[in-house]
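J.:
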Amino acid sequence: MKVEERVPQIIEQFNEQHFRDQLIDWFDKEQRILPWRENQDPYRVWVSEIMLQQTRVDTVIPYYHHFMNLFPTPKDLADADEQAVLKAWEGLGYYSRARNLQNAVREVVQDYGGIVPDDKYKLKKLKGVGPYTQGAILSIAYDQPEPAVDGNVMRVLSRILNIDDDIAIPKTRKLFEGLVYELISESNPSAFNQGLMELGALICTPKSPSCLLCPVQDQCRAFAEGVESELPIKSSKKKQKKVPYLALIIEDESGNVLIEKRPEEGLLASMWQYPMVPMTDLDKESVKHWFYGEYGLHIELQSTVDHVKHVFSHLIWEMEVVRVSIVGGDLDRQNAQFVSKDDIDKFPYPVSHQKIHQYTLL
DNA sequence: AAAACGGGGGC
DNA sequence: GCCCCAGTTTT
C-alpha cells in the first residue's frame, strides 16, 4: 500500500492535537541545554546537524565548540584550508561530512551571499544535505513545518503508532515523513521535531525505554499493547570483512618519519597515515620488493611493535605495526613525505593511525 | 535496494 | 560481541 493511503489510515483514531501539545510542552520544559540551541543561526544549526549525523550528542559537543571557534561564519569556513577543516574533524569519523560541508558552505558564500537558503530545493542541492538535514535546518532555523526523520524519530513513532515496517528499508523513511507532515505542529515545527528526537534520546531509548516517564505514554499504542521493546523492527546487517595490513614506521637518518596522504576519494579520503602494505595477496617475503616498487626505498623489516585492530562499520583492519630501517634508494612517491617528529601531529589522521603515534616517539 | 562511509558508547 | 547513534552518497 502506498504512503498516501497508509498515513490517514494510521492517523485515524489518533489524537493529533493532544500529541502535539504534550510533546511540545515536554520539550519546552525538559530539553537539554546544548551549544547549538543558543540561537536559531542557520549556519550554527547546519554545522550541528552535520556533526550529529550518526554521532552522539556527547561526542559532538567538544568538537562543535572547537569548530565554531575556528570557523564562526560561513565565510570563515569557506576561506579555510581543507586540511585545517579535516584536522578539526579528526576523530569524529565520516570525514566526507567535513569536506562536503565546506564544499556546500563555499557554494552558499558564492551563490547566496553567505546566507543559508531557506528554500527546500536549494538546500537539498547542497553537498551533504540529505532529506533529514534539509528538514532539520528548515524547521529548526526557519520554523518551516518540514519533517526531519532520523533514527530517533522512526523509533519513537514506530512505537507510538505501533508500526512494524522494517526501518532499515529506505522506503520506510518515506512513510514516517508522510506521518510527520500530518502530525507536525504548524505553529512550532522546531519544538515538535526536536521534541521527537529529544524524546528518543532521553526517554524512548532503543533498549529499556522509560515509558513510565514518557509525556505521551497515554498516546502510545506500543505501550498499550506491551510491545514497546519489540519495536522498531530493523533487519540486521551483515558482518564486516577482515583486511590484513602491515603499518610501517620508517625513520630516516635525521629522525624524520615517513607519512602519506590518502587518496582524495574513498575510505578516509585526504587523511594522513603511516605507509600501509596490503597483505591480502602478499607475504612477508615479498614486502620489500613491493615497497621498493611503490616507494623507491630499499627497506629491511625490523621488529613488530604492536598489532592494531580497527573496526569500521563495514570492515575490519588488522594492522601489524612494524619498525623498518632504510637500506637505500630515494623516496619516489608524490603523496608521501618525511616529517620531523614535532610536525607529525599537524596533519589529520584517522583514529586507527593515531594508535600508532606512540611508537614513533621512541 | 544495497553498499560505502568512522568512531564511540552501552550492555 | 552486537546494536545504535540528530544520515548521505554512490552504485
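Under our numbering, the first residue of the first sequence is numbered 1, with each subsequent residue one higher. Think of the CB as a built atom: it goes at the ideal place given N, C-alpha and C, for glycine as much as any other residue.
Return the bridge partner residues of V339 from the DSSP annotation.
T.: One-based indexing of the first sequence puts residue 339 at position 339. Paired residues: V257.
J.: Between V324 and I299, how many whole angstroms is the CB-CB distance? I'm expecting something under 8 Å.
T.: As a first step, residue 324 must be located in the first sequence, where it is residue number 324. As a first step, residue 299 must be located in the first sequence, where it is residue number 299. Their Cβ separation, rounded to whole angstroms, is 5 Å, which keeps V324 and I299 in contact under 8 Å.
J.: So for Y245, helix, strand or coil by DSSP?
T.: Taking the first residue of the first sequence as 1, we reach residue 245 at position 245. Three-state DSSP puts Y245 in a strand.
J.: Can you list, in chain order, the stretches of the alpha helix (DSSP H) that have 4 or more residues and sit fully within the stretch 96–160?
T.: As far as the stretch 96–160 is concerned, its whole alpha helix (DSSP H) runs of at least 4 residues are 96–112, 120–125, 131–142, 151–160.
J.: Smallest Cα separation from K346: which of D143, K122, K261, D118?
T.: Counting from 1 along the first sequence, the entry for residue 346 is found at position 346. For K346, the nearest C-alpha among the options comes from K261.
J.: What three-state label does DSSP hand L92 in the structure shown?
T.: Taking the first sequence and counting its residues from 1, the one referred to as residue 92 is at position 92. Per DSSP, reduced to three states, the secondary structure at L92 is coil, with no helix or strand assignment.
J.: In chain order, what are the residue ranges of uninterrupted alpha helix (DSSP H) at least 4 long that sit wholly in the stretch 146–230?
T.: 151–160, 170–183, 189–202, 221–225
J.: Just the Cα atoms here: how many angstroms apart are I163 and H65?
T.: In the first sequence, the residue the question calls residue 163 occupies position 163. In the first sequence, the residue the question calls residue 65 occupies position 65. Rounded to whole angstroms, I163 to H65 spans 38 Å at the Cα level.
J.: Going by DSSP in three states, G328 sits in which element: helix, strand or coil?
T.: As a working note, residue 328 is residue 328 in the first sequence. Residue state, collapsed to three classes: strand.
J.: Which residues does DSSP list as the beta-bridge partners of R323?
T.: Translated into positions along the first sequence, residue 323 becomes position 323. Beta bridge pairing from DSSP links R323 with I249.
J.: Check whether the stretch 63–81 touches the stretch 326–333, counting contact only when three or more Cβ pairs, one atom from each stretch, lie closer than 8 Å.
T.: no
J.: Can you name the start and end residues of the beta strand (DSSP E) that M279 belongs to?
T.: As a first step, residue 279 must be located in the first sequence, where it is residue number 279. No beta strand (DSSP E) contains M279, which DSSP labels as neither H nor E.
J.: Taking only the alpha-carbon atoms, compute the straight-line gap between I10 and L161 and give it to the nearest angstrom.
T.: As a first step, residue 10 is located in the first sequence; it is residue number 10 there, counting from the start. As a first step, residue 161 is located in the first sequence; it is residue number 161 there, counting from the start. The alpha-carbon atoms of I10 and L161 are separated by roughly 7 Å.
J.: Take every Cβ of the stretch 17–32, pair it with every Cβ of the stretch 168–185, and state whether three or more of those distances are shorter than 8 Å.
T.: yes
J.: What residues in its chain sit with their C-beta under 8 Å from that of V57, if we drop five residues either side in the sequence?
T.: Counting from 1 along the first sequence, the entry for residue 57 is found at position 57. For V57, where only same-chain residues beyond five positions count, the Cβ hits under 8 Å are R32, L34, A201.
J.: Can you name the start and end residues of the alpha helix (DSSP H) that T59 belongs to?
T.: Numbered from 1 along the first sequence, position 59 holds the residue referred to as residue 59. First-last of the alpha helix (DSSP H) with T59: 57–70.
J.: Taking contact to mean 3 or more Cβ pairs, one atom from each stretch, closer than 8 Å, check whether the stretch 117–124 and the stretch 165–175 are in contact.
T.: no
J.: To which residues of the same chain is I137 closer than 8 Å at the C-beta, ignoring the five residues directly before and after it?
T.: Residue 137 sits at position 137 when you count from the first residue of the first sequence. P42, V45, W46, E49, V116, L123, V129, listed in sequence order.
J.: For V311, list the residues DSSP reports as bridge partners.
T.: The residue given as residue 311 occupies position 311 in the first sequence. For V311, which the question treats as bridged, DSSP gives the partners I316.
J.: Closest to P74 by CA distance: which of G91, N103, K355, E5 is it?
T.: Within the first sequence, numbered from 1, the residue matching residue 74 stands at position 74. Closest option to P74, Cα to Cα, is N103.
J.: Locate the alpha helix (DSSP H) running through R20, then write down its first and last residues.
T.: Working through the first sequence from its first residue, we reach residue 20 at position 20. Taken as a continuous stretch (DSSP letters only), the alpha helix (DSSP H) holding R20 covers 16–30.
J.: Using DSSP with H/G/I as helix, E/B as strand and the rest coil, what is Q273?
T.: For this step, residue 273 is matched to residue 273 along the first sequence. DSSP places Q273 within a strand segment (E or B) once states are collapsed to three.
J.: Below 8 Å CB to CB, which residues in the same chain sit around L86 once its five sequence neighbours on both sides are set aside?
T.: Numbered from 1 along the first sequence, position 86 holds the residue referred to as residue 86. Taken in chain order, the residues that qualify are Y95, A98, R99, S270, M271, P348.
J.: DSSP on L361, reduced to helix/strand/coil?
T.: Your numbering for residue 361 matches position 361 in the first sequence. Collapsing the DSSP output to three states places L361 in coil.
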